[in-house]
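Reading through the structure tokens given below for one structure.
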Amino acid sequence: MIHKEILKKIEEFDTIIIHHHVSPDPDCIGSQLGLKYLIEESYPNKKVYAVGENTDRTMFMGSMDVISDNVYNDALVFIVDVGDKKRIDDQRFLNGKTLIKIDHHPLTEEFADLEWVDTKFSACTEMIIDLYIENKEKLVMNDKAARVLYAGLLTDTGRFYYNSVTERTLRYGAEVYKFGFSKQDLYANLYYKSVAELKFTGFLMANFKYTENGLGYIKLTQSILDEYNVTAEFASGMVNTLSNIKEIVMWMFFTEDKDLGKIRTSFRSRGPIVNKLAAKYGGGGHALASGTLANSWEFVENIISDADILCKEFNL
Ligand SMILES: [Mn+2]
Numbered sequence: 081m082i083h084k085e086i087l088k089k090i091e092e093f094d095t096i097i098i099h100h101h102v103s104p105d106p107d108c109i110g111s112q113l114g115l116k117y118l119i120e121e122s123y124p125n126k127k128v129y130a131v132g133e134n135t136d137r138t139m140f141m142g143s144m145d146v147i148s149d150n151v152y153n154d155a156l157v158f159i160v161d162v163g164d165k166k167r168i169d170d171q172r173f174l175n176g177k178t179l180i181k182i183d184h185h186p187l188t189e190e191f192a193d194l195e196w197v198d199t200k201f202s203a204c205t206e207m208i209i210d211l212y213i214e215n216k217e218k219l220v221m222n223d224k225a226a227r228v229l230y231a232g233l234l235t236d237t238g239r240f241y242y243n244s245v246t247e248r249t250l251r252y253g254a255e256v257y258k259f260g261f262s263k264q265d266l267y268a269n270l271y272y273k274s275v276a277e278l279k280f281t282g283f284l285m286a287n288f289k290y291t292e293n294g295l296g297y298i299k300l301t302q303s304i305l306d307e308y309n310v311t312a313e314f315a316s317g318m319v320n321t322l323s324n325i326k327e328i329v330m331w332m333f334f335t336e337d338k339d340l341g342k343i344r345t346s347f348r349s350r351g352p353i354v355n356k357l358a359a360k361y362g363g364g365g366h367a368l369a370s371g372t373l374a375n376s377w378e379f380v381e382n383i384i385s386d387a388d389i390l391c392k393e394f395n396l
């Protein structure tokens, strides 16, 4: 079984390095730090590093380690919550002795020595908890690990709301919830809003468009982002402002990103499958949540008309 194989590798190596994906979200950081804290608690003599960029959104979960290249020489390397080589933050992940992938996104390429990819998990943090449950005689959970794992579960499941949630997700939630970390403090860090965010939400709600087939969308140009003083990353993360609207079955955000020189495109749905559409335009992701990068606003128009057709077919 994969859980035992992974544990064997953990036991084999003294140095373990864990990588996350670019623009890491709380599920990714929760998996990365959760795994790190679990291994540290269980094997105090091992050196475990979590590497990659720190983001404002996830700093409350813990900060990243900075390591030199030679640390990789005899290291076991994990990548979590990511399936594509090019989306991994810090390409040194290739320099370790052994590479293990743990991911819940649909498989796109195989390159690790051990691949544990399973889309039936609602969150990558759920997989880390599964690894712990299946190796309970060896792995020891602590408060610190439980806190970041719970944070990942909450965010990737929309607080146990998305249809990816199973009976197992709830049981595993309880498995970490029972630790003593402050839930209120965690919720405050995950869900507080700034005044700027609230005003921007007001703009989104007043200005989104929708079609008679149930496609909702909004185009966010650089001048709009400047006016509300929000980054492209932040703005595109607001896509679920358009969820839970009776008339809308699929919703999209198109956000100009001046650093990337492209238009960030996020697809969300409560019916029509969107990852094939994302793949058609060079992106990917989950069946009901995916994205891509568009080169121009003309390109965006093509995506909108394709998406509208999907909505129409869904409603037939
Ligand atoms: Mn995830």
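Mind the numbering: the sequence shown is residues 81 to 396 in this note's numbering, read in order.
Glycine included, every Cβ here is placed at the ideal spot set by N, Cα and C.
{"query": "Supposed close pair T335, S316 - CB separation, criterion 8 Å", "result": "4 Å"}
{"query": "Best match in E190, V157, F140 for proximity to D164 [C-alpha to C-alpha]", "result": "E190"}
{"query": "Endpoints, beta strand (DSSP E) assigned at K181", "result": "178-183"}
{"query": "Under the three-state DSSP convention, the category K165 falls into", "result": "helix"}
{"query": "CB-CB length for I159 against K127, believed under 8 Å", "result": "That pair is no contact at about 18 Å."}
{"query": "Bridge-paired residues (DSSP) for T321", "result": "Answer is none; T321 lacks a bridge partner."}
{"query": "Three-state class that DSSP yields for E292 in the structure shown", "result": "coil"}
{"query": "I384 versus Y272 - alpha carbon distance", "result": "32 Å"}
{"query": "Whole-number beta carbon distance between G294 and V319, since they are thought to touch under 8 Å", "result": "V319 to G294, Cβ: 16 Å. No contact."}
{"query": "Cut-off 6 Å between Cβ atoms - residues of its own chain near Y117, not counting five sequence neighbours on either side", "result": "K224, A225"}
{"query": "Contacting residues, own chain, Cβ-Cβ under 7 Å from Y304 (five flanking each side not counted)", "result": "Going by the sequence as given, residue 304 is Ile instead of Tyr. Contacts found: none."}
{"query": "Straight-line Cα distance separating H184 from D236", "result": "11 Å"}
{"query": "D210 CB to nearest heavy atom of ligand 1 below 7 Å", "result": "no"}
{"query": "heavy atom of ligand 1 below 7 Å from D161 C-beta", "result": "yes"}
{"query": "Cβ of S111 within 8 Å of any chain D Cβ", "result": "Reference to chain D is not applicable here, since this structure consists of a single protein chain."}
{"query": "For F93, the nearest candidate out of D107, T199, G341, I119 (CA to CA)", "result": "I119"}
{"query": "Other residues of its chain near Y252: CB distance less than 8 Å, five sequence neighbours each side excluded", "result": "E206, I209, D210, I213, L233"}
{"query": "Cβ-based neighbour list, N215, same chain, cut-off 7 Å, excluding 5 preceding and 5 following", "result": "H83, L87"}
{"query": "D388: CB within 7 Å of a non-hydrogen atom of ligand 1", "result": "no"}
{"query": "Residue ranges of each beta strand (DSSP E) within the segment 181-207, 3 or longer", "result": "194-197"}
{"query": "CB-CB length for G132 against H100, believed under 8 Å", "result": "5 Å"}
{"query": "Minimum C-alpha distance to F201 - residue among Y123, R344, L250", "result": "L250"}
{"query": "Inter-residue Cα distance where the pair is T69 and D339", "result": "Nothing in the structure corresponds to residue 69, since the chain is present only between 81 and 396."}
{"query": "Contact test: A203 Cβ vs ligand 1 heavy atom, cutoff 7 Å", "result": "yes"}
{"query": "Cβ-based neighbour list, G351, same chain, cut-off 6 Å, excluding 5 preceding and 5 following", "result": "V329, F394"}
{"query": "Y123: first and last residue of the uninterrupted alpha helix (DSSP H) it sits in", "result": "Looking at the DSSP string, Y123 is not in any alpha helix (DSSP H), and its letter there is neither H nor E."}
{"query": "Buried/exposed call for G363, threshold 16 Cβ in 10 Å", "result": "buried"}
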